[in-house]
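Take a look at the structure below.
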Amino acid sequence: MIVRQQSTGPVPPDSKLASFRESYRSREIGMGYNGWVHALIVLTGSLVSIGLALSAVQDPTFLELLAIPITLLIANIVEYFGHRGPMHEPMRGMYALFERHAKVHHQFFDEQWMSCESSRDHHIVLFPPLMLVFYLGLIALPLATIVYLTTTPNRAYLVFASSVFYYLSYELFHFTSHVHPQSRIGRLPFVARLREHHRIHHSHKLMGSHNFNITWPIGDWLFGTAYRDAAKPVETQSFPTTADVGSSPRHIENRKVA
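This is the structure:
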């Protein structure tokens with residue numbers, strides 16, 4: 173299967189993608205929205221939470237420190253199935269995730285045009301700021317509380333810090349996957365490798381079956397969904413106009429909520 177190469181030029185103004193982007197911006201992004209403030213809120217909130225948790229750790233043992241890699245590995249598998257599941261399959265009670273991700277985010281970016289055109293496009297890349305509050309209050313804190321009550325305080329603080337670190341990693345890695353490939357950040361080798369992994373996922377032919385990890389592709393490797401064979405020569409293709417294709421990627425058309 174051939175995946176189109178990424179373009180570094182502007183999106184063709186008469187394309188379906190350009191039309192969808194303009195529609196989303198005018199409909200969903202308020203005039204007062206600032207993408208850099210959005211990113212700063214996520215970064216600051218995450219780092220403060222991590223710092224507070226780590227400051228409470230006192231003389232951790234080796235076994236307690238093992239909570240860090242174990243938490244990160246579990247989070248990677250959760251990320252994998254969360255992305256492969258409700259983000260790409262409509263499920264009862266979680267349809268909003270499917271709607272925002274498969275039907276909006278994947279319409280805003282495809283494998284050929286992956287880059288944000290301005291900081292206002294951070295709106296469709298980063299989770300809403302309230303998602304961090306939700307994550308802290310309903311996932312990281314309850315999990316750490318269970319660990320605190322059943323094992324040691326140090327392990328609980330490390331689990332909390334690792335959980336938030338993973339959330340921040342997801343946001344940062346996803347953000348860098350949608351920066352321009354010729355930017356200072358985009359040219360970093362590590363960023364380029366992860367961006368290519370995610371770019372392949374944005375192919376409408378592969379988005380429902382391959383490259384679900386945004387961060388380290390451990391889950392994709394474990395479950396056989398890593399797709400890397402995209403560096404093949406491709407024919408130059410014109411981008412479809414709004415009259416050429418329907419409004420939804422083929423893999424999500426006519427889906428019913430499970």
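Residue numbering for the sequence shown follows the working numbering, beginning at 173 and increasing consecutively.
Glycine included, every Cβ here is placed at the ideal spot set by N, Cα and C.
Since we're looking at a predicted model, the values are computed, not measured.
- As for any beta strand (DSSP E) of minimum length 3 sitting wholly inside the region 216–252, there is none.
- Y329 has its alpha-carbon roughly 7 Å from the corresponding atom of A228.
- With 16 or more other Cβ atoms inside 10 Å of its own Cβ, E283 counts as buried.
- Under the criterion of beta carbons closer than 8 Å, H369 and P389 qualify as touching, at roughly 6 Å.
- A Cβ-Cβ separation of about 6 Å places L366 in contact with S349 under the 8 Å criterion.
- The C-beta distance from H295 to H210 rounds to 7 Å, short enough to meet the 8 Å contact threshold.
- Check the Cα spacing between Y252 and each of R400, Y399, N383: the tightest is with N383.
- Beyond the five residues adjoining it in sequence on each side, E343 comes within less than 7 Å, by CB distance, of V214, L298, F299 in the same chain, given in chain order.
- Taking the Cα positions, A274 is about 43 Å away from T233.
- Given a length threshold of 4 residues, each whole run of the alpha helix (DSSP H) inside the region 304–365 is given here in chain order: 313–322, 325–349.
- The alpha-carbon separation between R264 and I311 amounts to approximately 20 Å.
- In this structure P241 is exposed. Its beta-carbon is surrounded by fewer than 16 other beta-carbon atoms within 10 angstroms.
- The straight-line gap separating the alpha-carbon atoms of E194 and M266 is approximately 26 Å.
- In the displayed model, A274 falls within a helix according to three-state DSSP.
- The beta-carbon separation of S290 and L315, rounded to 37 Å, does not stay under the 8 Å limit for a contact.
- Annotation: the continuous alpha helix (DSSP H) that includes I390 extends over 390–394.
- With contacts defined as CB atoms closer than 9 Å, L340 and I249 fail to qualify as a contacting pair.
- Taking 8 Å as the upper bound for CB-CB distance, G217 and L304 are in contact here, some 5 Å apart.
- DSSP places Y399 in the coil class of the three-state scheme, outside both helix and strand.
- In this structure, the alpha-carbon of R176 lies about 12 Å from that of L378.
- By the CB criterion at 9 Å, M286 and R359 fall outside the cutoff.
- Taking a 10 Å sphere around the C-beta of E200, we find fewer than 16 other C-beta atoms and assign the residue as exposed.
- In this structure, A364 keeps its C-beta atom at 9 Å or more from the C-beta atom of A225.
- The residues F384, in chain order, have a CB closer than 6 Å to that of H255 in the same chain once the five nearest residues on each side in sequence are set aside.
- Annotated three-state conformation of P262 is coil, per DSSP.
- In the displayed model, L298 falls within coil according to three-state DSSP, outside both helix and strand.
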